[in-house]
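Working notes, structure below.
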Amino acid sequence: MAFQKAVKGTALIGGGAIATVFGLSQFSQYRNKHGTFVHAQAAEAVTVPIKNDFPTREQQILALKTASEFDVLVIGGGATGCGCALDAVTRGLKTALLERDDFSSGTSSRSTKLIHGGVRYLQKAIMKLDFEQYKMVKEALEERANLLEIAPHLSAPLPIMLPVYKWWQLPYYWFGIKLYDMVAGSQCLKSSYVLSKSRALELFPMLRKDELVGAIVYYDGQHNDARMNLAIALTAARYGAATANYAEVLRLLKTTDPASGKQRVCGVHCRDVLTGQEFDVKAKCVINATGPFTDSVRKMDDQEVPNICQPSAGVHIVMPGYYSPDNMGLLDPATSDGRVIFFVPWEKMTIAGTTDSPTDVTSHPIPTEEDINFILNEVRNYLSVDVEVRRGDVLAAWSGIRPLVTDPNSKDTQSISRNHVVTISDSGLVTIAGGKWTTYRAMAQDTIDAAIQAHDLKAGSSKTIGLQLQGAEDWSPTLYIRLVQDYGLESEVAQHLASTYGDKAFEVAKIAQVTGKRWPIVGKRLVSEFPYIEAEVVYGVKEYARTAVDMISRRTRLAFLNVQAAEEALPRIVDIMAKELNWTEQKKKEEFEAAKKFLYYEMGYKVKSDQLTDSSEISLAPADIERYKKRFHMFDKDKKGFITILDVQRVLESISVQIAENTLHDILNEVDLNKNGQVELNEFLQLMSAIQKGHVSGSRLAVLMKTAEENLRQRGVISVDRSGGGL
1 MAFQKAVKGT ALIGGGAIAT VFGLSQFSQY RNKHGTFVHA QAAEAVTVPI
51 KNDFPTREQQ ILALKTASEF DVLVIGGGAT GCGCALDAVT RGLKTALLER
101 DDFSSGTSSR STKLIHGGVR YLQKAIMKLD FEQYKMVKEA LEERANLLEI
151 APHLSAPLPI MLPVYKWWQL PYYWFGIKLY DMVAGSQCLK SSYVLSKSRA
201 LELFPMLRKD ELVGAIVYYD GQHNDARMNL AIALTAARYG AATANYAEVL
251 RLLKTTDPAS GKQRVCGVHC RDVLTGQEFD VKAKCVINAT GPFTDSVRKM
301 DDQEVPNICQ PSAGVHIVMP GYYSPDNMGL LDPATSDGRV IFFVPWEKMT
351 IAGTTDSPTD VTSHPIPTEE DINFILNEVR NYLSVDVEVR RGDVLAAWSG
401 IRPLVTDPNS KDTQSISRNH VVTISDSGLV TIAGGKWTTY RAMAQDTIDA
451 AIQAHDLKAG SSKTIGLQLQ GAEDWSPTLY IRLVQDYGLE SEVAQHLAST
501 YGDKAFEVAK IAQVTGKRWP IVGKRLVSEF PYIEAEVVYG VKEYARTAVD
551 MISRRTRLAF LNVQAAEEAL PRIVDIMAKE LNWTEQKKKE EFEAAKKFLY
601 YEMGYKVKSD QLTDSSEISL APADIERYKK RFHMFDKDKK GFITILDVQR
651 VLESISVQIA ENTLHDILNE VDLNKNGQVE LNEFLQLMSA IQKGHVSGSR
701 LAVLMKTAEE NLRQRGVISV DRSGGGL
């Protein structure tokens, strides 16, 4: 009864707001209502033929070098840049795209993995009667529906729970979420609903119970962002766009317009990063779609132009899957500093984030310990006291740079626009900036529309609504069963391949190696606890992967899921790529070191090592110190004060356990802080102290020594598989 009265009161108070939303919805002509997206209609609308496969990178580079002139040249291989290339080429425009790194190597692979309209933006739109914010949410919800339709193998609806801890908040949040459903209209994924306390805890048992009133569940979309970006790029390539990663634009080319006498951008001078060769690419129109690097390209055009990009860093962390249910996310709508935190399942792990703080533009953003601890503290506020949220359970961490922009066309150039901005310079350079992942297609459509008008290009309207992306055409939810039955793949591996490659999963399965086991018949895993197989490395090279970093972070997502697992897979990945790309031994070494550096700085490995250093404080009770010393001296029989591989081997042999010497070396190296080939007593005590404080988890040496101690009494078996512990 109390809830019903509260809802009624809120409805009366908010009646004007509801009327406003419906009025805006009726008045808005910002986007034509798309209705149901029909694949056949989209395919028929595109008159450009699509190839069965995409060209090799070498063929793409040759096309860029030999073409006399392109209609459109896009700089930037993120979601927006690839979206522009796909939009342009499907209109019949001769299209090129250059990316100086890998497709999705920047912000587009470092998102929260959500396809959403933005609940908080709708709140601001209503509270401030901000029509621009409303338009952005409306557009994003339309694009959400389209994206889920055109790449169903890479995306899916995700229920997100908003826990409520005060009675008055229940009707308040219910009202806001219902408005979100209303703005989505017929494209609402599923209707939101209210849960009682008991039902909320049943669906999300890790939730903090005390003072919980109930919860509200609404639906948004989720996707594999880097693979989605790649699917857009590959689709554009199949339609005929000359797309190349590792092709860096060094400067813009200009010519004098004979009619006006003004300088006009007519192409770029670029460099193939892999070979060092430089060449010109001519184009009638050049589009700057470089995200955080927007201003650097604008200054190639005009050194005096003011900056419009206001970069903001967003840090995310990945934790083990047991921190969240398999199919339910969590939204913290008001963190301690007013930000919003999502806590969502992804690839059988749990993502938490994001932060939002000013930053400098860099190609290699690094997550900070401060941001990681902020997220962990917010997670602790919402999880049960029975769940110990440990710093050591952070498996990976990354920072992405959001390219917020000020609109140079606005009178108030200091105000940051949450929407996207399309500008055209005096020399004809088209710039698309701002926006969000979900609206990449609409951003691309607006950009190509502007380019066509400004450069008098001959093309029709956009054809990308409902246009299926690479892998979607013959995909179905049961496709993985055919992979299991036809090829003898593990069910988990088959599901992973189907949800990553769609109907192209069969191409990966065909090249999968025979295991030599009774089951699975094919599909050798790169690491035991993840479904990535060696055949994906071979196929990844076909998908334009050219570095080990490409493979561990964007063709597979190992680096984003568990940096230790990624490091473990690196040697085999480098070996396979070396064979496919004819790398020398020196090149293999360079790739291995570059990938380790990437994991160390950009994916959170550094903040792992910082948890256990020479100066780490030992905070153990006297009884614990004695207990751990006794365990240490079981291995250090000679009372040397340190243990080596030989000491560990001797103990293991006494209990009839054998472990490969290189594995033992890796196990000791994790704890050997001064890297002298041995583990001192002080290092061991530092490790045990860090474990007790939750700063380190999953230490193989700690588990091995504890298990050995027990086995000397019970003669059991020691497991030395790397655990699910984190950074």
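The opening residue of the sequence shown carries number 1 in full-length UniProt numbering; numbering runs sequentially from there. Ideal Cβ positions, reconstructed from N, Cα and C, are used throughout, including at glycine.
| query | result |
| --- | --- |
| What's the call for Q288, buried or exposed, on a 16-neighbour Cβ count within 10 Å? | Sequence inspection shows Asn at residue 288; the Gln mentioned does not correspond to that position. Classification of N288: buried, given that the 10 Å Cβ count is 16 or more. |
| Measure the C-alpha to C-alpha separation of V361 and D302 and round it to an integer number of angstroms. | 19 Å |
| Round the Cβ separation of D71 and L93 to the nearest angstrom and send it over; I've been treating them as touching at under 8 Å. | 4 Å |
| Given a cut-off of 8 Å on the beta-carbon distance, is the pair A569 and I552 in contact? | yes |
| Quick one: what does DSSP say E149 is sitting in, helix, strand or coil? | helix |
| State whether the segment 189 to 198 contacts the segment 124 to 131, with contact taken as three or more CB pairs (one from each stretch) at a distance under 8 Å. | no |
| Please report how far the alpha carbon of R518 lies from the alpha carbon of Y323, in whole angstroms. | 34 Å |
| E69 to N419, Cα distance in whole Å? | 32 Å |
| Considering only their Cβ atoms, is the gap separating G604 from V563 smaller than 8 Å? | yes |
| Do T107 and G78 come within 8 Å of each other at the CB atom, strictly closer than that value? | yes |
| Going by the DSSP bridge assignment, what does C309 pair with across the sheet? | V405 |
| Have a look at the DSSP bridge pairing and note the partners of E278. | R271 |
| Going by beta carbon distance, what residues of the same chain come within less than 6 Å of residue 728, once the five residues before and after it are set aside? | Shown here, the chain extends from 1 to 727; a query on residue 728 therefore has no answer. |
| Going by DSSP, what residue range makes up the beta strand (DSSP E) through M161? | 155 to 164 |
| Please name the residue in M182, G176, Y382, A247 whose C-alpha comes closest to that of P163. | Y382 |
| Give the straight-line distance between the Cα atoms of N229 and S109, rounded to the nearest whole angstrom. | 8 Å |
| Report all residues from its chain with a CB closer than 8 Å to the CB of F37; omit the five preceding and five following residues, and keep chain order. | The pLDDT assigned to F37 is 45, lower than 50, so where the model puts this residue is not dependable; a value taken from the coordinates is nonetheless given after this. The answer, listed in chain order, is A145, N146, E149, I150, I465, G466. |
| In angstroms with no decimal places, state the Cα-to-Cα distance between K588 and V549. | 12 Å |
| Indicate whether Q495 and V405 have their beta-carbon atoms separated by less than 8 Å. | no |
| Using 8 Å as the Cβ pair cut-off and three pairs as the minimum, do the segment 273 to 281 and the segment 432 to 443 touch? | no |
| Check whether the segment 325 to 332 touches the segment 152 to 171, taking contact to mean three or more Cβ pairs, one atom from each stretch, closer than 8 Å. | yes |
| DSSP beta-bridge partners for N711? | According to DSSP, N711 bridges with nothing at all. |
| May I have a chain-ordered list of the alpha helix (DSSP H) segments no shorter than 4 residues that lie completely inside the segment 71 to 147? | 79 to 90, 119 to 127 |
| If you measure between the beta carbons of I366 and S399, is that distance less than 8 Å? | yes |
| Quick check on this structure: which residue in G471, T515, P205, G516 has the alpha carbon closest to the alpha carbon of L497? | G471 |
| Among L646, E626, I625, which one has its Cα closest to the Cα of F635? | L646 |
| Just curious, the alpha helix (DSSP H) that Q468 is in, first and last residue? | Run containing Q468: none; DSSP gives neither H nor E here. |
| Expressed to the nearest angstrom, what Euclidean distance is found between the alpha-carbon atoms of G502 and T556? | 14 Å |
| Could you compute how far the alpha carbon of N32 sits from the alpha carbon of A140? | With a pLDDT of 39 at N32, under the threshold of 50, the predicted position of this residue should be treated as unreliable, and no value is reported. |
| CB F103 to CB Y544, shorter than 8 Å? | yes |
| Can you have a look at V514 and say buried or exposed, based on whether 16 or more other CB atoms are within 10 angstroms of its CB? | exposed |
| CB-CB under 6 Å to S499, same chain, minus the five flanking residues each way: which ones, in chain order? | H153 |
| Do you know whose CA, among E388, I432, E653, D257, lies nearest A444's CA? | I432 |
| Which value, in whole angstroms, describes the spacing of the CA atoms of N674 and E680? | 10 Å |
| Unbroken beta strand (DSSP E) runs of length 3 or more, entirely within the segment 180 to 212: which are they? | 193 to 196 |
| Candidates G338, G83, E507: which alpha carbon is nearest D53's? | E507 |
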